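Everything on this sheet refers to the single structure shown next.
2 protein chains.
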Amino acid sequence: MTRTIFEKADVIPLLAEVFRELGYEGATLSRITERTGLSKGSLYHFFPGGKEEMAAVVLDHVHGWFIEHIFKPLEEDEPIAAIVGMWQAVDVYFCSGQRICLVGVFALDETRDRFPQAINRYFIRWIDALARALVRIGKDKKTAALLAENAVLSIQGALVLMRATADAGLFKRALSRLAEDLQLQCETTQSVRKPVKTTTKRKLS
Amino acid sequence: MTRTIFEKADVIPLLAEVFRELGYEGATLSRITERTGLSKGSLYHFFPGGKEEMAAVVLDHVHGWFIEHIFKPLEEDEPIAAIVGMWQAVDVYFCSGQRICLVGVFALDETRDRFPQAINRYFIRWIDALARALVRIGKDKKTAALLAENAVLSIQGALVLMRATADAGLFKRALSRLAEDLQLQCETTQSVRKPVKTTTKRKLS
DNA sequence: CTCGATCTAGACCGATCGGTATAGATAAAA
DNA sequence: TTTTATCTATACCGATCGGTCTAGATCGAG
Chain B
1 MTRTIFEKAD
11 VIPLLAEVFR
21 ELGYEGATLS
31 RITERTGLSK
41 GSLYHFFPGG
51 KEEMAAVVLD
61 HVHGWFIEHI
71 FKPLEEDEPI
81 AAIVGMWQAV
91 DVYFCSGQRI
101 CLVGVFALDE
111 TRDRFPQAIN
121 RYFIRWIDAL
131 ARALVRIGKD
141 KKTAALLAEN
151 AVLSIQGALV
161 LMRATADAGL
171 FKRALSRLAE
181 DLQLQCETTQ
191 SVRKPVKTTT
201 KRKLS
Chain U
206 MTRTIFEKAD
216 VIPLLAEVFR
226 ELGYEGATLS
236 RITERTGLSK
246 GSLYHFFPGG
256 KEEMAAVVLD
266 HVHGWFIEHI
276 FKPLEEDEPI
286 AAIVGMWQAV
296 DVYFCSGQRI
306 CLVGVFALDE
316 TRDRFPQAIN
326 RYFIRWIDAL
336 ARALVRIGKD
346 KKTAALLAEN
356 AVLSIQGALV
366 LMRATADAGL
376 FKRALSRLAE
386 DLQLQCETTQ
396 SVRKPVKTTT
406 KRKLS
């Protein structure tokens, strides 16, 4: 009759995985206990606020990871290296598309209304950090903003399509395309090749 | 004490909206009755298979709309006009990003495992139809496939980011960018401007 | 009109929901 | 070892879940 003892720090990634795969509504307490191996007692010990606190803590944890491995480097390190590092980190984090973005999952349905600022800040900071890095390698502000927005958006879309089509190569393909768009090589720290022909924005319809 | 009588055909779009906003798990029967105005009795009259049948019928309905307004035109009509029409139709259908893609919502969480073929065929056909249209306007097969994949993926990603950031202009911006990528103007049926410099695909990491 | 078919409303069902309470097991400090 | 705080397991709670059933309202055919 062995009893497993958990550390809160070890529990959060387990919870993250459950919310990621099932969404907030789909992650019932019984499924959470099943998949994490923690009993309700343990869960409510670590997260007295219940399911909502679990999700909030998980969101914070994800945000923290991105700050450390993606946002800060983009904001503070040498921009080209940071951007190259971003493709690498994103590919690893999302397991080449096998793993979904928790924040994206929450953003899509009305779970968004439970954690609006947590969801918002994640994407805003990502786009912003990337755009500033692009400015620092010489893009004009407008182009940088558009490219950054497009990059983050494409990553999210690639994750959706990966799950939908189960095309294992899709995610890496999307990342490669993005790396080209930003005029950066992926495999080496080779510098800018040719300037982008920035076309003016066009109105639709 | 007036009683409202519904037609099944009118009910499906109401259901679609509920599943879209809440996801499959989030769409409880009580919320469905609230938001559609139909009682449980009516719902089970039209959909004896319950919630799962409702979702399946809704998925078929969405697929049908896309076949009629997007896939068939891409497959059969003059390709440039069809692609221009696609931007227009997509913008209208998704209300410039105010409305989410039901199929995308289902694809992200494990609801995917309930309707795998319905979800798969929707994206596959969209990408395929667009790629073929691109081939017909002179793109080589490989480029066409990549561009098509990128377009569909970006639309999904734009929808995710729209909900996350509530940036009203984001969706239209993404569509404009895509239209440029495909070397097509949106507002008029102006033809191709300049050839794409097709760079070779690069491996990541 | 009558009458059967269609459709709606809502009471009701067992199961499961998120959450609480508590008893006992374990770890760390004395 | 004893004590105390921490942590786990589970029985239990009222509410809500998806789904069933039935009584009656409404419709079209004759």
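Chains B and U, in that order, give the protein sequences. At position 99 of the first sequence (counting the first as 1) the number is 99 in the working numbering, and the numbers step up by one without a gap. Take any residue in the second sequence, count from 1 to its spot, add 205: that is its number in the working numbering. Think of the CB as a built atom: it goes at the ideal place given N, C-alpha and C, for glycine as much as any other residue. None of these values were measured; they are calculated from a predicted model.
Check: Closer than 8 Å to chain U by CB, residue 149 of chain B; Outcome: yes
Check: CB contact check: residue 231 of chain U to chain B, cutoff 8 Å; Outcome: yes
Check: Proximity test, Cβ basis, 8 Å: residue 154 of chain B and chain U; Outcome: yes
Check: Residue 163 of chain B to residue 31 of chain B span [Cα, whole Å]; Outcome: 21 Å
Check: From B:56, B:98, B:96, residue whose alpha carbon lies closest to that of residue 118 of chain B; Outcome: B:56
Check: Integer-rounded CB distance, given that residue 11 of chain B should sit under 8 Å from residue 46 of chain B; Outcome: 6 Å
Check: Classification of residue 13 of chain B by the beta-carbon crowding that lies within 10 angstroms, buried from 16 upward; Outcome: exposed
Check: Supposed close pair residue 131 of chain B, residue 145 of chain B - CB separation, criterion 8 Å; Outcome: 5 Å
Check: 4 or more residues per run - each alpha helix (DSSP H) lying fully within the region 1-73 of chain B; Outcome: 8-26, 29-36, 40-46, 50-66
Check: CB contact below 8 Å: residue 365 of chain U versus chain B; Outcome: yes
Check: Three-state class that DSSP yields for residue 180 of chain B in the structure shown; Outcome: helix
Check: 7 Å Cβ shell around residue 82 of chain B - same chain, five flanking residues per side excluded; Outcome: 73, 74, 133
Check: For residue 300 of chain U, three-class secondary structure by DSSP; Outcome: helix
Check: Proximal residues to residue 361 of chain U (C-beta, below 7 Å), its chain only, five neighbours per side dropped; Outcome: 306, 309
Check: Distance CB(residue 366 of chain U)-CB(residue 152 of chain B) smaller than 8 Å; Outcome: yes
Check: Test item: CB-CB of residue 18 of chain B and residue 4 of chain B under 8 Å; Outcome: no
Check: Residue-level contact to chain B via CB, residue 310 of chain U, 8 Å cutoff; Outcome: yes
Check: Residue 115 of chain B - containing alpha helix (DSSP H), residue span; Outcome: Premise fails: residue 115 of chain B is in no alpha helix (DSSP H) and is neither H nor E.
Check: Candidates B:60, B:126, B:113, B:88, of which the one nearest residue 179 of chain B by Cα; Outcome: B:88
Check: Residue 412 of chain U: contacting residues in chain B (beta-carbon distance under 7 Å); Outcome: The requested residue 412 of chain U does not occur in the structure, where chain U is confined to residues 206 to 410.
Check: Proximity below 8 Å, CB of residue 115 of chain B to CB of residue 123 of chain B; Outcome: no
Check: Residue 341 of chain U versus U:331, U:282, U:359, residue with shortest Cα-Cα distance; Outcome: U:282
Check: Closer than 8 Å to chain B by CB, residue 315 of chain U; Outcome: yes
Check: Limits of the alpha helix (DSSP H) - the one that residue 360 of chain U falls within; Outcome: 346-370
Check: Residues near residue 263 of chain U by beta carbon distance below 8 Å, same chain, minus five either side; Outcome: 217, 220, 221, 224, 307
Check: Within-8 Å CB hit, residue 67 of chain B to chain U; Outcome: no
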